[in-house]
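Notes for the one structure printed next.
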Amino acid sequence: MVNHRNAFRKLGRTSSHRWALLRTMVSQLIEHERIETTVAKAKELRRVADNMVTLGKEGTLHARRQAAAVVRGDEHVFKLFNDFAERYKEREGGYTRVLQTRDRKDSAPMAYIEFVDRPGELVAAQPPRQQPEQRPAYWPFPFSRPRIPDPAHDKPPPPPPKMGAKMKKNSK
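The opening residue of the sequence shown carries number 1 in UniProt numbering; numbering runs sequentially from there.
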């Protein structure tokens, strides 16, 4: 079935249950800045979280009251209007990213949702390691490795015996 004219994901819940879930998840995302959830919940949470950061950037009393109606906890509202507003003042949108990770044991696809440009996100690049000396190519038969001829020590093989000629006996 085609998903036209459906404004949001219902997540298999009633509207009050869905809204309570999203409020809790956006509060946890603001607190931890990265959480793991299912892909559908992460994609729906991304909309709410981006709107909350936009309210935080707005910085007015009305925006603070609107955010407080959604986000659980005054410390989360404070972080939203101080830390996130400063961090994303140059960014116009797209404050979160969804990274798909694994399938849960019930085959539900899981994902991380995180704020972009969070502190400690990027690790300083390490200098390139010294490459080890190049080894000869792997040969699967260790005792039958093809020899590379050395003309200084190798004698040419003797010519094959002629047809009908008698072989010399080794005398000791």
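Positions of the beta carbon are idealized from the N, C-alpha and C atoms, including for glycine.
Item	Value
Could I get the ranges of all uninterrupted beta strand (DSSP E) runs contained in the stretch 6-47, with 3 residues as the minimum, in chain order?	34-38
Does the beta-carbon distance from ALA111 to THR96 come in below 7 Å?	no
Among all the DSSP beta bridges, which residues are the ones paired with LEU99?	TYR112
Pair every Cβ in the stretch 65-73 with every Cβ in the stretch 103-120, then say whether three or more of these pairs are closer than 8 Å.	no
Quick one: what does DSSP say HIS62 is sitting in, helix, strand or coil?	helix
Since I believe LEU55 is in contact with LEU22 (beta carbons under 8 Å), could you give me their beta-carbon distance rounded to a whole number of angstroms?	Contact doesn't hold; Cβ gap of about 15 Å is too wide.
How is ARG72 classed by DSSP in three states: helix, strand or coil?	coil
Would you mind working out which of ASP103, VAL53 and PRO127 sits nearest THR38, comparing C-alpha positions?	ASP103
Assuming the contact rule is C-beta atoms closer than 8 Å, GLU33 and GLU114 should be a hit. Round their C-beta distance to whole Å, please.	6 Å
Specify the secondary structure class of VAL2 as computed by DSSP and reduced to three states.	coil
Let's test the definition: count the other Cβ atoms within 10 Å of the Cβ of MET1 and tell me whether it reaches 16, buried, or not, exposed.	exposed
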